[in-house]
Each structure stands twice: as C-alpha cells, then as structure tokens.
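Numbering (this note's numbering), first residue to last: 3 to 146. All C-beta atoms, glycine included, are put in the ideal place defined by N, C-alpha and C.
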C-alpha cells in the first residue's frame with residue numbers, strides 16, 4: 003500500500019503535529035479507494051463510549067479527500083450527505099474507507115464509510131470533491 007503524504011502537520015484528521023488530532027494514515031485499498039485504520043480516543047466522545055457525530059463526519063470527509071488525492075486531485079469537499087447507521091465506539095479498532103465513484107471535469111463523486119472490526123458499516127457518506135489542481139505521483143507518493 004502507498005501512503006499519501008500530508009502538506010500540513012497541523013491537520014486535525016491526519017497531521018502528526020496536532021496534539022489533539024486523530025493522526026490518520028490513509029493507504030490505497032483498491033485502484034480507486036483508500037483505507038485508514040484507527041482507534042478513537044475518549045477525547046472524541048459524544049455520548050458515553052461513542053464518538054461525537056462531528057468526529058465521525060470528519061473521518062468520512064478525510065476519506066473522501068484522500069480518495070480524490072490518490073486519484074490525482076488535490077480537492078475540497080463541495081457536498082456531503084451522511085448517514086449514521088450505528089454508534090461508532092471509542093477505543094475500538096475501526097476502518098475508514100473512501101473511493102472515487104465518478105468524475106466530470108474538475109468534480110469527483112466520492113463515497114466513504116466507517117466500519118467496525120466485523121465489517122459492519124457504522125456510518126457512510128456520499129458527496130463531491132472539487133479539484134483544486136493535479137497531484138503528481140513520485141515514487142508511489144503524491145506531491146502538491
């Protein structure tokens with residue numbers, strides 16, 4: 003699997019330098035998909051033992067952005083429709099997945115999901131990302 007580097011260590015979702023960040027690491031999971039494995043700390047709690055909904059949305063948004071990145075686009079989220087299926091537990095392994103589903107000019111259709119260790123979908127999103135420019139692959143890495 004190849005990792006997409008981040009351009010700012012302070013990103014809440016993926017930045018290593020953010021002391022309260024989630025420190026996500028996305029890798030390719032299929033030709034048009036990405037995956038990150040995570041275990042959310044109690045810092046991200048909503049109700050007791052479960053992740054705050056805003057944190058879940060951040061996970062999904064990041065997966066959509068990384069899917070666009072691995073497809074060669076540095077982009078920003080334009081639309082996002084989220085469905086919460088089950089609570090996302092804290093301090094339990096989860097996977098965050100994303101993939102590109104279509105592209106028209108500089109707009110990419112994307113979808114993302116958060117799944118538990120059994121593969122049960124806990125939350126999912128579909129939306130669009132507007133490309134702000136191309137990313138170039140360099141030795142299986144991407145450069146802004």
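In its chain, beyond the 5 residues on either side, 124 have a beta carbon closer than 6 Å to the beta carbon of residue 88. Burial state of residue 63 is buried, judged by a 10 Å Cβ sphere holding 16 or more other Cβ atoms.
At least 8 Å separates the beta-carbon of residue 126 from that of residue 92. Counting along the chain, the unbroken beta strand (DSSP E) around residue 124 starts and ends at 123 to 136. A distance below 8 Å separates the beta carbons of residue 116 and residue 98. Every unbroken stretch of the beta strand (DSSP E) spanning 3 or more residues and falling wholly within the region 3 to 56 is given here in chain order: 29 to 32 and 35 to 41. Excluding its 5 nearest sequence neighbours in each direction, residue 57 has C-beta neighbours in its own chain below 6 Å: 46, listed in chain order. Rounded to whole angstroms, residue 22 and residue 109 show a C-alpha spacing of 31 Å.
Contact check for residue 96 and residue 118: beta-carbon distance about 6 Å, within the 8 Å limit, so the pair qualifies. Pairing residue 133 with residue 51 gives a Cβ-Cβ distance that is not under 8 Å. Per DSSP, the continuous beta strand (DSSP E) segment holding residue 106 begins and ends at 95 to 106. Residue 112 and residue 67 have their alpha carbons spaced roughly 8 Å apart. Restricting attention to 13, 12 and 31, the CA atom closest to the CA of residue 114 is found in 31. Counting along the chain, the unbroken beta strand (DSSP E) around residue 77 starts and ends at 75 to 86.
When the five nearest sequence neighbours on each side are left out, the beta carbons in the same chain lying within less than 6 Å of the beta carbon of residue 86 are those of 125, in order along the chain.
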